[in-house]
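Heads up: the structure comes next, in structure tokens.
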Amino acid sequence: MRSSAGRVRELIVIAGLSGAGRTTASNVLDDLGWWVIDNLPLPMLSGLAAVDIDRVALVIGRDAAEADPGEGPAASPLGEALDALRGAGVHVRTVFLEASDEVLIRRYEGTRRRHPLAEHEAVAIGIERERAVLAPLKELADKVIDTTDRNVHELRDELLSLFAAPGDRGLVITIESFGFKHGAPNDVDLLFDVRFLPNPHWDAALRPLTGLDGPVRSYVLDSDPARTFLAKLDDLLTFLLPGYEAEGKSYLSIGIGCTGGQHRSVAIAEALARLLTDHGHPPIVRHLHLERR
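Numbers given in this note's numbering equal positions in the sequence shown, counted from 1, plus 2.
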């Protein structure tokens, strides 16, 4: 989003513990039209004041927390850089995401990832170290969000309530295509399995292509099962969307899955996006596994 003033007008800084929801926050702000930057080196932060973008979201981690413990959070390089941006007229807001040790450990065990500060030790040790390193960033935060008892959707709703502009507050719809063999996303509201549709994988000429290519799109969408499925899905969503909006739901994610996430799910996701756009609900479309061959 370009700024009429020729510089950044608003800056959101998202910081927090690994596993507490920084990726979710990044995705939400991206969906809202913010220019999201991950791990920008601090020496470059002062240059944001002259960037010709209205709204910038900066997602940062422990690397930005270096400070003299005896001087307090305001003496950190990040604190000084943010004060300089405020002095240049940028509206700066900071959010810190945290969660209990028990929940963070469970999230790490669920993903089987190593903690970045405990590569060869217990996850709990890494969490303890990261809490100490990030303490100055937490003290700088305008708002601390504890995600211990929040699922992904509840965190999204809170971030939307904080940062969505008045014109952004309608139902934000995301469609994600994926392949079941790579794992289904665990944060979708509605999930549809399209493995019953004709599979272009078994056509040697179509196998190297994707659902974004015309021949594959025609192969999938011109079949009777696909036409029937899309018509029924259109009817279902026409019924559901007003109800979701009436209940104040801010975010709806729809998963479309096939075997590998290359052909059928991609073609159907794109076709569904066109239907929703025609109905006045243009969605965000993500193809999660398109690059996995």
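Glycine included, every Cβ here is placed at the ideal spot set by N, Cα and C.
Please work out which residues of its chain come closer than 6 Å, Cβ to Cβ, to residue i, disregarding the five sequence neighbours upstream and downstream, and give them in chain order.
i           : result
residue 228 : 199 and 222
residue 140 : 98
residue 37  : 55 and 58
residue 278 : 285
residue 158 : 30 and 253
residue 23  : 99, 149 and 157
residue 82  : none
In its own chain, which residues sit with a C-beta less than 8 Å from the C-beta of residue i, not counting the 5 before and 5 after it?
i           : result
residue 176 : 33, 253, 254, 255, 256, 285, 286, 287 and 288
Could you check which residue in the options has the C-alpha nearest to that of residue i?
i           : options               : result
residue 282 : 41, 244, 291 and 29   : 244
residue 143 : 55, 248, 94 and 263   : 94
residue 190 : 183, 204, 212 and 155 : 155
residue 50  : 147, 210 and 91       : 91
residue 118 : 111, 265 and 132      : 132
residue 107 : 174, 150, 236 and 48  : 150
residue 182 : 267, 246 and 130      : 267
residue 251 : 125, 275 and 163      : 163
residue 40  : 19, 272, 15 and 249   : 15
residue 86  : 13, 270 and 234       : 13
Can you tell me which residues form a DSSP beta bridge with residue i?
i           : result
residue 37  : 58
residue 288 : 178
residue 18  : 99
residue 194 : 258
residue 13  : 58 and 94
Using 8 Å for Cβ pairs, my map puts residue i next to residue j. What's the rounded Cβ distance?
i           : j           : result
residue 262 : residue 196 : Between residue 196 and residue 262 the Cβ distance is about 12 Å, and since that is not below 8 Å, they are no contact.
residue 44  : residue 80  : 6 Å
residue 1   : residue 290 : Given a span of 3 to 295 for the chain in the structure shown, any question on residue 1 remains unanswerable.
residue 232 : residue 274 : 7 Å
residue 213 : residue 264 : 7 Å
residue 130 : residue 147 : That belief does not hold up - the Cβ atoms of residue 130 and residue 147 are roughly 20 Å apart, past 8 Å.
residue 17  : residue 136 : 7 Å
Please go through the same chain and pick out, in chain order, the residues whose beta-carbon is closer than 7 Å to the beta-carbon of residue i, but skip the five residues on each side of it.
i           : result
residue 208 : 202, 217, 218 and 221
residue 71  : Caution applies to residue 71, whose pLDDT of 42 falls short of 50 and renders its modelled position unreliable; the value that the coordinates give is listed next. Result list for residue 71: empty, nothing under 7 Å.
residue 73  : Confidence is the limiting factor: at residue 73 the pLDDT is only 46, short of 50, which leaves the residue's position unreliable, though a coordinate-based value still follows. For residue 73, where only same-chain residues beyond five positions count, there are no Cβ hits under 7 Å.
residue 166 : 34
residue 109 : 21
- Task: Scan the segment 76-162 and note each continuous alpha helix (DSSP H) run of 4 residues or more that stays entirely inside, going in chain order.
- Result: If we require 4 residues or more, the alpha helix (DSSP H) runs fully inside the segment 76-162 come out as 79-89, 103-113 and 125-142.
- Item | Runs of alpha helix (DSSP H) wholly within the segment 197-255 (minimum 4 residues, chain order) | Here the runs fully enclosed are 216-223 and 226-248.
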